[in-house]
Amino acid sequence: MEDKKQRDITGAIFLVAIGLLFLLNTTNVVSWGIWLQIFRFWPILLILGGIKMILPENKVGQIVYPIVYTIFIIFIGATSYFFTKTKSVPFLPESITNCIFNKCENVDDSSLMESDAYVNFADYTDITDRVLNINVAASTLNLVDENADYFLYSQSKDYTDRNKPTLESITKDGVLTTTFDNTRIHYYGMWNFRSPVYTLTLGQETIPASVNIELGAGEGMVDLDTASLQSLSTDVGAGSLDITLGINSIPETIDLNVGAGEIKLTLPENVGILVSYDLGVGSLQLDETSIDGIGKETSYKSSNYDTAEKKVLITASVGVGELTIDRK
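The sequence shown: position 140 = 140 (full-length UniProt numbering), numbered continuously.
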């Protein structure tokens, strides 16, 4: 009976912690991205299991273990919360914070592999349209554009050569389809984890492009100012994606899908938007309008949509994550 009581206490502590965290998520106090930081502490489960085996099966053990368990839960929650909100932890030295969430100082950067690849204009003829598929997981992605002769330039920074992504291109009926993929790479990271960084640069800005991005548990930044976009489609799992489009890169349609992650889309203020959205338990911010709720399906049209010279149709689906669409 006493052992059962002990299990009930630690189980109750766990349920309270999880419930509190979900409350912070659903009330937008902290983003769902905090779960990515909490996952880094999974080795503590092994530590707690070992402590439980070491402690005697008497009243001392029944008192000490829940206390130790609670201390670990509070440490994990507070550390993940502060890093998610501010990228720093006030009660830890910066070196320890970096070691947990980024890279320990003793990691040798000389082991970092760098590689690049081109999809050259000269290698393909009679291209009238192009499709760029980007599939990345547990990585940092940057997508930018510039006035260049190539179709695409990719730069990769990885720790080992086996982490190099694939870049494949095929043509059919004047359409060039390029696929950048690193999802075949698996990471089983704990502390000291550092994700690869991929930077993709779009050239040939006058040739229309359809861009499709699938982002798992990583971070992404899209900043396009000159590329001619026909459509933009994004699917974010537990990661975060920040998209900024200039007036010359406004596509006809944008499709935004968010699971437990975050997407922020920034457009010029004179662009008209018509948004059809499906909202789960997450949150949606449209200009100055904040929308929260369960199972909402409706639409939003900006006041300048009918008269705007540039306008875009946006389809959005939000699960438990966050989507922000801003014009400025």
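Idealized CB from N, CA, C, for every residue including glycine.
{"Asked": "6 Å CB neighbourhood of Gly220 in its chain, flanking five on each side removed", "Found": "Leu141, Leu241"}
{"Asked": "Simplified DSSP assignment, three categories, for Tyr153", "Found": "strand"}
{"Asked": "Range of the contiguous alpha helix (DSSP H) that encloses Val68", "Found": "59-86"}
{"Asked": "Cβ separation of Ser139 and Pro196, assumed to be a contact under 8 Å, to the nearest whole Å", "Found": "5 Å"}
{"Asked": "Residue range of the alpha helix (DSSP H) that includes Ile243", "Found": "Where Ile243 is concerned, there is no enclosing alpha helix (DSSP H), although the beta strand (DSSP E) it sits in stretches over 240-245."}
{"Asked": "Sheet register partners of Ala209 (DSSP bridge)", "Found": "Arg130, Leu229"}
{"Asked": "Helix, strand or coil at Leu224 according to DSSP, with G and I counted as helix", "Found": "strand"}
{"Asked": "Whether Arg130 touches Ile207 by CB criterion (7 Å)", "Found": "yes"}
{"Asked": "Nearest to Thr266 (by Cα), restricted to the options Leu15, Ile325, Asn257", "Found": "Ile325"}
{"Asked": "Same chain, Cβ closer than 8 Å to Ile247, five either side skipped, listed in chain order", "Found": "Pro268, Asn270, Val271, Lys310"}
{"Asked": "Environment of Lys87 [buried if 16+ CB atoms lie within 10 Å]", "Found": "exposed"}
{"Asked": "Start-to-end residues for the beta strand (DSSP E) that takes in Leu267", "Found": "262-267"}
{"Asked": "Proximity of Gly50 and Val136 at Cβ, strictly below 7 Å", "Found": "no"}
{"Asked": "Rounded Cβ spacing between Gly282 and Glu322 (contact assumed at less than 8 Å)", "Found": "6 Å"}
{"Asked": "Residue-chain proximity (Tyr150, chain C), Cβ-Cβ < 7 Å", "Found": "Here there is only one protein chain, and chain C is not present."}
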